[in-house]
Amino acid sequence: MLVVEFFEQLVGTAVCYQSPRMYRVWLFTHPVVVIGGAEEAEVILSSNQNISKGALYKLLHPWMGLGLLTSEAAQWRPRRKLLTPTFHYDILKDFVEVFNQQSRVLLRKLDGLVKEGNEKINMYQHVTLCALDIICETAMGRHVDAQKDSESAYVRAVYTLNGIIHRRQRNPLLRSDFVHRLFSDGKEQERCLKILHSFTWKVIRERREEVQRLGGWTKVLNRELSSYDFDMCSQKRRLAFLDLLLQMTEQGNLTDQDVREEVDTFMFEGHDTTSTAMNWFLHLVGCCPDIQARIHEELDSIFGDDDRDATFEDLKAMTYLECCIKEVLRLFPSVPIFARRVDESFEISGRTIPRGSEVLICPYIVHRDPRHWPDPDCFDPDRFLPKNSHGRHPFAYLPFSAGARNCIGQRFAMIEEKVILSWILRFFRVTSLPRRDQVLPKAEMILRPSETVLMKLEHRQALTI
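All residue numbers for the sequence shown refer to the UniProt record's numbering, where the first residue is 1 and numbers rise by one.
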């Protein structure tokens, strides 16, 4: 059964189960419980026992091993505690400069396309390369220049491997490693993994040698990073996620293999999810001129006609833009389903969920519960204004999961999206060529539009960056 068809059946069947908002299905001989309500989701997501990921996450093991996304509970707990400080606000603030730099590259590309008379622009194609450049620089401290060279071996390997994982997810037969290796995708996966892992190992080795040459981590970390010259080529740079992990290896908390797994995990999680969310955002806002006008008004009040970079203080002032991003993630959560393996039997609403079964939490369904979201299919960013959010169930909104195993990078994602989208809408008016009712969601590992969403861009002000 195709994953797309399975997802449609999950959503359609959920309508029949309103109290409790959960039901059981059988996949071959394997029981699966589908959760579509906030109250039911709270029970499983608040559990400190049942936090192991479901079987489909094993498809990610060849790429990212047992990193934070895929590891079992026993390994995940100490690793999460160790890595949480690396996403501190002070570190995220330092990444805003990268977000601005890569957004400027994106804007120059879009400006060129508009000046050339292009009236049908595939924004996802350009936004996703921008997100890839950002994640490479913030995760590894290296430039892959995907926006300038989308045909580089590393960029091609990332996209090829994502496609292979999606195809394995769709076809139950291909989930078997033995069967997978018999087909061309199996050989292609090995080729891509060699490219990706070799690149990560090379960066790890070079960065460690660089730090040793500069006198060790104590000297590096005690310097003022904004003015310190790390590179032999005199190019200034900030600490990347990799640097923080390598420091932990010096303290004996992580091995080099652990570092490689976490960097590759960050590459996977922090690229496709954000670019897909921004694609949905531009489509929905491009279908709603009144909402887009309110965003323009907010951005104009912050920047005027200045082409300066967005600061961290500016991001705090983008309150309506943030409401719009949150509403997009409500309607089209990047991860529409996530799974938990039941290691200890427990009860939800008087029903026993037996050990050995899997629970599928479906944010796409939870986010359409009319008890918490009146007129749930309507795109209404005002839902997230403070006056309208008071008293809402804390588990009625799950774009980044919730509980102990929520997404560690959710603040990173929100800041990145606000910077990139604010740059686009400061300088352009966006019109989605397909209407909203013409674009349906397609569930793979990521919730994507069913077709390419083409946009028309018009200048709001001249681009001088």
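Heads up, the beta-carbon is just placed ideally off N, CA and C, and yes, glycines get one too. Just so it is clear, the structure is predicted and the values come from calculations on it, not from any experiment.
{"Item": "How long is the line joining the alpha carbons of Tyr397 and Arg330, rounded to whole angstroms?", "Value": "7 Å"}
{"Item": "Within the same chain, show all residues whose beta-carbon is closer than 7 Å to that of Met445, passing over the 5 residues directly before and after it, in chain order.", "Value": "Ile165, His166 and Gln169"}
{"Item": "Measure from the alpha carbon of Leu106 to the alpha carbon of each residue in Ile291, Leu68, Thr276 and Ala131, then state which is nearest.", "Value": "Ala131"}
{"Item": "Between the Cα of Val8 and those of Glu116, Leu447, Glu451 and Glu261, spot the shortest distance and give me the residue it belongs to.", "Value": "A quick correction: the sequence has Glu, not Val, at residue 8. Comparing Cα-Cα distances from Glu8 to each of Glu116, Leu447, Glu451 and Glu261, the minimum goes to Leu447."}
{"Item": "If Asn279 sits next to Val179, beta carbons under 8 Å apart, how far is it from one beta carbon to the other, in whole angstroms?", "Value": "About 33 Å separates the two Cβ atoms, so there is no contact after all."}
{"Item": "Within the same chain, show all residues whose beta-carbon is closer than 8 Å to that of Val98, passing over the 5 residues directly before and after it, in chain order.", "Value": "Ile134, Glu137, Thr138 and Arg238"}
{"Item": "Run through the DSSP bridge pairs and tell me what Pro449 is partnered with.", "Value": "Pro441"}
{"Item": "Please classify Ser176: is it buried, with 16 or more other beta-carbons within 10 angstroms of its beta-carbon, or exposed?", "Value": "exposed"}
{"Item": "Assign Thr218 to one of two classes, buried (16 or more other C-beta atoms within 10 Å of its C-beta) or exposed (fewer than that).", "Value": "exposed"}
{"Item": "Which whole-angstrom value describes the C-beta separation of Cys323 and Phe379, a residue pair presumed to lie in contact below a C-beta threshold of 8 Å?", "Value": "11 Å between Cβ atoms; not a contact."}
{"Item": "To the nearest angstrom, report how far apart Leu282 and Val11 are at their CA atoms.", "Value": "25 Å"}
{"Item": "Could you check which residue in Gln125, Thr70, Leu27 and Asn118 has the C-alpha nearest to that of Thr452?", "Value": "Gln125"}
{"Item": "Specify, as a first and last residue, the run of the beta strand (DSSP E) that Tyr23 falls within.", "Value": "Met22 to Leu27"}
{"Item": "For Lys148, report the span of its beta strand (DSSP E) as first-last.", "Value": "That residue, Lys148, is in no beta strand (DSSP E); it is neither H nor E in DSSP."}
{"Item": "Nearest to Glu297 by alpha carbon, out of Ala277, Asp309 and Thr319?", "Value": "Thr319"}
{"Item": "Measure the alpha-carbon distance for Gly286 versus Pro381 and round it to whole angstroms.", "Value": "14 Å"}
{"Item": "Would you kindly work out how many angstroms separate the C-alpha atoms of Ser349 and Phe268, rounded to a whole number?", "Value": "36 Å"}
{"Item": "Around the Cβ of Asp375, are there at least 16 other Cβ atoms within 10 angstroms (buried) or fewer (exposed)?", "Value": "exposed"}
{"Item": "For the region 245 to 262 against the region 47 to 61, do three or more pairs of beta-carbon atoms, one drawn from each stretch, fall closer than 8 Å, so that the two count as touching?", "Value": "no"}
{"Item": "Given 8 Å as the limit, is there contact between the region 152 to 161 and the region 294 to 312, that is, 3 or more CB pairs closer than that?", "Value": "no"}
{"Item": "So, helix, strand or coil for Lys53, using DSSP?", "Value": "strand"}
{"Item": "Going by beta carbon distance, what residues of the same chain come within less than 6 Å of Lys120, once the five residues before and after it are set aside?", "Value": "Leu454"}
{"Item": "Put Ile408 into one of helix, strand or coil per three-state DSSP.", "Value": "coil"}
{"Item": "Buried or exposed for Asp231, going by 16 or more other Cβ atoms inside 10 Å?", "Value": "Low confidence applies to Asp231: its pLDDT is 42, below 50, so where it sits in the model is not reliable enough to give any reading."}
{"Item": "Tell me the DSSP secondary structure of Met267 in three-state form.", "Value": "helix"}
{"Item": "Give every residue of the same chain whose Cβ lies closer than 7 Å to the Cβ of His61, excluding the five residues on either side of it in the sequence, and list them in chain order.", "Value": "Thr70"}
{"Item": "In terms of residues, what are the limits of the alpha helix (DSSP H) holding Ala41?", "Value": "Ala38 to Leu45"}
{"Item": "Quick check on the DSSP output: the beta strand (DSSP E) that includes Phe428 runs from which residue to which?", "Value": "Phe428 to Ser432"}
{"Item": "What does the alpha-carbon distance come out to for the pair Phe384 and Tyr89?", "Value": "22 Å"}
{"Item": "By the DSSP assignment, the alpha helix (DSSP H) with Thr74 in it spans what residues?", "Value": "Residue 74 is actually Ala in this sequence, not Thr. Unbroken alpha helix (DSSP H) run through Ala74: Ala73 to Leu83."}
{"Item": "Quick check on Thr273: buried or exposed, where buried means 16 or more other Cβ atoms within 10 Å of its Cβ?", "Value": "buried"}
{"Item": "Report yes if the CB atom of Ile325 is closer than 8 Å to the CB atom of Asp314, and no otherwise.", "Value": "no"}
{"Item": "Classify Ser103 as helix, strand or coil using the three-state DSSP reduction.", "Value": "helix"}
{"Item": "When you compare only the Cα positions, how much space is there between Ala462 and Leu299?", "Value": "16 Å"}
{"Item": "Would you be able to state if there are at least three C-beta pairs under 8 Å between the region 357 to 377 and the region 326 to 345?", "Value": "yes"}
{"Item": "From Pro172 to Tyr159, what does the alpha carbon distance come to, in whole angstroms?", "Value": "21 Å"}
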